[in-house]
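K.L.:
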Ligand SMILES: Cc1cc2nc3c(=O)[nH]c(=O)nc-3n(C[C@H](O)[C@H](O)[C@H](O)COP(=O)(O)OP(=O)(O)OC[C@H]3O[C@@H](n4cnc5c(N)ncnc54)[C@H](O)[C@@H]3O)c2cc1C
Ligand SMILES: Cc1cc2nc3c(=O)[nH]c(=O)nc-3n(C[C@H](O)[C@H](O)[C@H](O)COP(=O)(O)O)c2cc1C
Ligand code: FES
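Protein chains in written order, with this note's numbering: chain A, 24 to 327; chain B, 1390 to 1647.
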């Protein structure tokens, strides 16, 4: 028996660890460093109907134990992603979770319908939480009704299960989670970045050209844990958790509050080998804590 | 091949005000190909400062498995780096990016090398390679003031060297362009690394010449995955954008919109 195996809608994961969207491109760069088949899954960069060039630079800024980014969903567009990136990824034995983004409901529907037909795309991740674009993105993720409607629209066209990626930039994240569950979501991924700012103290100017950016990295872990803990109580669909995961203890904490699997974002920039390292460390950690399988650990904080 | 390696500090010394020369050793050096490539360094094993720092490779010695960087201790990360002592380990990701091509110029020809401030270091390995090839380098190196001038002697040993300081405290006064105006343009290729306005001025000055320019951008991953470091391109090329970390940092003149 594989102690690390995790079954989720559409996803038969050999282990519960995967790179988070936007922090791993479409895998090509990391494939030069290690075998991508080691990963539980890969969440690819947000894909929009057309090519998107993103925001002006500087797009990133370092902050205490974290970073801000305002990439602006830059990506080659649906056709190129399907033809160049997804077909290339087929050589690896790893399920792909396609991150879907857009300005309008139609954009989401267009991308979801097409990309869900790619043979290696086993699930979609609806990005209704990108804080770095003027239209679309987060506006879909902060209003429960709009979130529910969008989920429904995408569910109607998708050939694979649909996960919705929640924004932490809301007052009651549980309410949004319930709304997307009602809309038919098969799962939830959370959290996206927290809106933030950094200034050049001497001039008073924002460091990021977009003025604001999304905060990620170890600094946001407490927020992510709290939100997953909340959402796990309120919905019955599974959660893929993320937000600051860097060490094996972080992985354990996310599983404990109710995530069934986890994604690693910013930590890939610090240590490009972090995902395979965590996968390797997980069995020993389970032993140390006295758990047979990953599944036994999921949600244990709620049972205490 | 890109590797992540714990490399050992061979020595570190201050060579000008806040300017440090740091030599590391390890097998990763064997993978370094071109002058102008860079490494992405972790300056601490703590979560603060979190991100790696991109620093150019300044000298490569494959026999001793050593390479040298020259950097300005500016903010928190480089200040921490400057505290590393002989025997300490540094986490290095590299070699990264594409450097200056030396196959674009023939023995007997002249090359113009223009550096500004902390853009000077990668030109040192470049100049050495060019000299080995029989190319004659002309160095024009700009600094803020006398206190931050470095490697003048090393560059003089390789060829004609002009130092210029913005405040006139050393060499000639002004910008590198002031010196360039007084030089003959009988060089075959120009190479440059420094602030973007300087690179822009060079492109304008030598529209007909073949040139290679090294750019800087804020980075996340350093390997081409995060889209942090993109630059807009000119109409001359097909791509809408380039990534400094993996397509560059060195680009032929006319590719990046300056
Ligand atoms: C390809 C490349 C090669 C470089 N080579 C050299 C070199 O040989 N010598 C040298 O002194 N400097 C070099 N730099 C600049 C060097 O990366 C920055 O000076 C350094 O990152 C500053 O870090 P800090 O901790 O001192 O500053 P902080 O202000 O604390 O840095 C905060 C964040 O901003 C980033 N940052 C700050 N300034 C720059 C900058 N100018 N370029 C890119 N990122 C920056 C840092 O990496 C960090 O993520 C190079 C930059 C690039 C992109
Ligand atoms: C540079 C960068 C780009 C990102 N791009 C996307 C994206 O395209 N789509 C998305 O849903 N999330 C994106 N994210 C958010 C991450 O997937 C993740 O939710 C967030 O960073 C929190 O995890 P972390 O702290 O491990 O990075 C991006 C994050 C970063 C740092
Ligand atoms: S720094 Fe990530 S793409 Fe260049």
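Even glycine gets a Cβ: it sits at the ideal position worked out from N, Cα and C.
Predicted model, so just to flag it, every value in this text is computed and none were measured.
1. Select from the region 1610-1621 of chain B all residues with a C-beta closer than 9 Å to any C-beta belonging to chain A, and list them in chain order.
2. I want to verify the contact list: residues of chain B whose CB lies under 9 Å from the CB of residue 97 (chain A), in sequence order.
3. Residues of chain A with CB closer than 8 Å to the CB of residue 1437 (chain B), please, in chain order.
4. If you count every other CB in all the chains shown that lies within 10 Å of the CB of residue 325 (chain A), and 16 or more means buried, which is it?
5. Taking just the CA atoms, how far does residue 78 (chain A) sit from residue 214 (chain A)?
6. Whose CA, out of B:1490, B:1537, B:1507, B:1506, lies closest to the CA of residue 1579 (chain B)?
7. Which residue marks the beginning of the alpha helix (DSSP H) containing residue 248 (chain A), and which one marks its end?
8. Would you mind working out which of A:62, A:234, A:70 sits nearest residue 305 (chain A), comparing C-alpha positions?
9. Would you say the region 1554-1572 of chain B touches the region 1472-1491 of chain B, given that touching needs at least three Cβ pairs under 8 Å?
10. Keeping to the same chain, check which residues put their C-beta closer than 7 Å to that of residue 255 (chain A); ignore five residues upstream and five downstream.
11. May I ask whether a heavy atom of ligand 3 can be found less than 6 Å away from the beta carbon of residue 41 (chain A)?
12. By a C-beta neighbour count over all protein chains shown, 10 Å radius and 16 as the cutoff for buried, is residue 216 (chain A) buried or exposed?
13. In three-state DSSP terms, what is residue 1402 (chain B)?
14. Show which residues of chain A have a CB atom less than 8 Å away from the CB atom of residue 1482 (chain B).
15. Could you check the C-alpha separation between residue 208 (chain A) and residue 192 (chain A) for me, to the nearest Å?
16. Taking 6 Å as the cut-off, does the CB of residue 216 (chain A) come closer than this to any heavy atom belonging to ligand 2?
17. Within the structure, which residues are defined as neighbours of ligand 1 by a Cβ-heavy atom distance below 5 Å, reported in chain order?
18. Which word fits residue 1439 (chain B), buried or exposed, when buried means at least 16 other C-beta atoms lie within 10 angstroms of its C-beta?
19. Any heavy atom of ligand 2 within a distance shorter than 6 Å of the CB on residue 1618 (chain B)?
20. Take every Cβ of the region 74-92 of chain A, pair it with every Cβ of the region 297-313 of chain A, and state whether three or more of those distances are shorter than 8 Å.
21. Kindly indicate if chain B contains any beta-carbon less than 7 Å away from that of residue 59 (chain A).
22. Beta-carbon within less than 8 Å of residue 142 (chain A)'s beta-carbon, same chain only, minus the 5 sequence neighbours each way: which residues are those?
23. Checking 7 Å against the spacing of the C-beta atoms, do residue 1464 (chain B) and residue 1505 (chain B) come in under that value?
24. So, helix, strand or coil for residue 1632 (chain B), using DSSP?
25. Give the interface partners of residue 83 (chain A) over in chain B, defined as CB-CB distance under 9 Å, in chain order.
26. Quick one: using the 10 Å Cβ neighbour count with 16 as the cut-off for buried, is residue 29 (chain A) buried or exposed?
27. Candidates A:289, A:269, A:163: which alpha carbon is nearest residue 129 (chain A)'s?
28. Which same chain residues, not among the five before or five after residue 188 (chain A), have their C-beta less than 7 Å away from its C-beta?
29. Examine ligand 2 and report whether any of its heavy atoms sits within less than 6 Å of the Cβ of residue 1471 (chain B).
30. Taking only three categories from DSSP, how would you classify residue 1471 (chain B)?
31. DSSP on residue 1621 (chain B), reduced to helix/strand/coil?
32. In this structure, how does DSSP classify residue 1446 (chain B) when only helix, strand and coil are distinguished?
33. Which residues share a DSSP beta bridge with residue 215 (chain A)?
34. Once you ignore the five residues that flank residue 1412 (chain B) on each side, which residues in its own chain have a CB closer than 6 Å to its CB?
35. Using CA coordinates, which residue listed in B:1589, B:1594, B:1414, B:1597 is at the minimum distance from residue 1476 (chain B)?
36. I'd like the span of the alpha helix (DSSP H) that includes residue 1648 (chain B), first residue to last.
P.N.:
If we stick to the structure as given:
1. 1610, 1611, 1612, 1613, 1614, 1615, 1616, 1617, 1618, 1619, 1620, 1621
2. On the first chain, position 74 is the one that residue 97 (chain A) refers to. Within chain B, the residues near residue 97 (chain A) are 1616, 1619, 1630.
3. Here residue 1437 (chain B) refers to the residue found at position 48 when the second chain is read from its first residue. Chain A residues near residue 1437 (chain B): 87, 88.
4. Within the first chain, the letter at position 302 stands for residue 325 (chain A). Exposed is the call here.
5. On the first chain, position 191 is the one that residue 214 (chain A) refers to. On the first chain, position 55 is the one that residue 78 (chain A) refers to. The alpha-carbon atoms of residue 214 (chain A) and residue 78 (chain A) are separated by roughly 22 Å.
6. Counted from its first residue, the second chain places residue 1579 (chain B) at position 190. Looking at the Cα atoms, B:1490 is the closest of the given residues.
7. As a position in the first chain, residue 248 (chain A) is number 225, starting the count at 1. Per DSSP, residue 248 (chain A) belongs to the alpha helix (DSSP H) from 244-257.
8. Locating residue 305 (chain A) in the first chain gives position 282, where the first residue counts as 1. Of the listed residues, the one whose Cα sits closest to residue 305 (chain A) is A:62.
9. no
10. Locating residue 255 (chain A) in the first chain gives position 232, where the first residue counts as 1. Taken in chain order, the residues that qualify are 262, 280, 281, 322, 325.
11. On the first chain, residue 41 (chain A) is found 18 positions in, with the first residue counted as 1. The answer is no for residue 41 (chain A).
12. Here the question's residue 216 (chain A) lines up with position 193 in the first chain. Classification for residue 216 (chain A): buried.
13. As a position in the second chain, residue 1402 (chain B) is number 13, starting the count at 1. In the structure shown, residue 1402 (chain B) sits in a strand (DSSP, three-state: E or B).
14. Taking the first residue of the second chain as 1, we reach residue 1482 (chain B) at position 93. Near residue 1482 (chain B) (Cβ distances below 8 Å), the residues of chain A are 295.
15. Reading the first chain from its first residue, position 185 is the one you call residue 208 (chain A). Reading the first chain from its first residue, position 169 is the one you call residue 192 (chain A). Rounded to whole angstroms, residue 208 (chain A) to residue 192 (chain A) spans 20 Å at the Cα level.
16. Against the first chain, residue 216 (chain A) aligns to sequence position 193. Yes, the Cβ of residue 216 (chain A) comes within 6 Å of a heavy atom of ligand 2.
17. A:85, B:1427, B:1440, B:1442, B:1443, B:1444, B:1445, B:1460, B:1461, B:1463, B:1464, B:1465, B:1466, B:1467, B:1507, B:1510, B:1605, B:1607, B:1638
18. Along the second chain, one-based indexing puts residue 1439 (chain B) at 50. Counting Cβ neighbours within 10 Å, residue 1439 (chain B) comes out buried, since at least 16 surround it.
19. Taking the first residue of the second chain as position 1, residue 1618 (chain B) is located at position 229. No, the Cβ of residue 1618 (chain B) stays beyond 6 Å of every heavy atom of ligand 2.
20. no
21. Within the first chain, numbered from 1, the residue matching residue 59 (chain A) stands at position 36. No - not a single Cβ of chain B is within 7 Å of the one on residue 59 (chain A).
22. In the first chain, residue 142 (chain A) corresponds to position 119, counting from 1. Contacts found: 113.
23. For the purposes of this step, residue 1464 (chain B) is identified with residue 75 of the second chain, where counting begins at 1. For the purposes of this step, residue 1505 (chain B) is identified with residue 116 of the second chain, where counting begins at 1. Taking 7 Å as the Cβ cut-off, residue 1464 (chain B) and residue 1505 (chain B) do not qualify as a contacting pair.
24. By 1-based counting over the second chain, the position of residue 1632 (chain B) is 243. Strand at residue 1632 (chain B).
25. Walking along the first chain from the start, residue 83 (chain A) turns up at place 60. What residue 83 (chain A) touches in chain B: 1440, 1607, 1608, 1609, 1615, 1617, 1618.
26. As a first step, residue 29 (chain A) is located in the first chain; it is residue number 6 there, counting from the start. Residue 29 (chain A) is buried by the Cβ-count criterion.
27. Position 106 of the first chain holds residue 129 (chain A). Ranking the options by Cα distance to residue 129 (chain A), first place goes to A:163.
28. Taking the first chain and counting its residues from 1, the one referred to as residue 188 (chain A) is at position 165. Same-chain partners within the cutoff: 148, 149, 150, 151, 152, 212, 213, 215.
29. Translated into positions along the second chain, residue 1471 (chain B) becomes position 82. Answer for residue 1471 (chain B): no, Cβ out of range of ligand 2.
30. The count along the second chain starts at 1 and reaches residue 1471 (chain B) at position 82. Looking at residue 1471 (chain B) - three-state DSSP - the assignment turns out to be coil, as it is neither helix nor strand.
31. The sequence position of residue 1621 (chain B) within the second chain is 232, counting from 1. Correct three-state label for residue 1621 (chain B): strand.
32. Locating residue 1446 (chain B) in the second chain gives position 57, where the first residue counts as 1. DSSP places residue 1446 (chain B) in coil when its eight states are reduced to three.
33. Residue 215 (chain A) sits at position 192 when you count from the first residue of the first chain. Residue 215 (chain A) is not bridged to any residue.
34. Indexing the second chain from 1 puts residue 1412 (chain B) at position 23. Around residue 1412 (chain B): 1399, 1400, 1455, 1457.
35. Along the second chain, one-based indexing puts residue 1476 (chain B) at 87. Considering only alpha carbons, the answer is B:1414.
36. Limits of chain B in this structure are 1390 at one end and 1647 at the other, which puts residue 1648 (chain B) out of reach.
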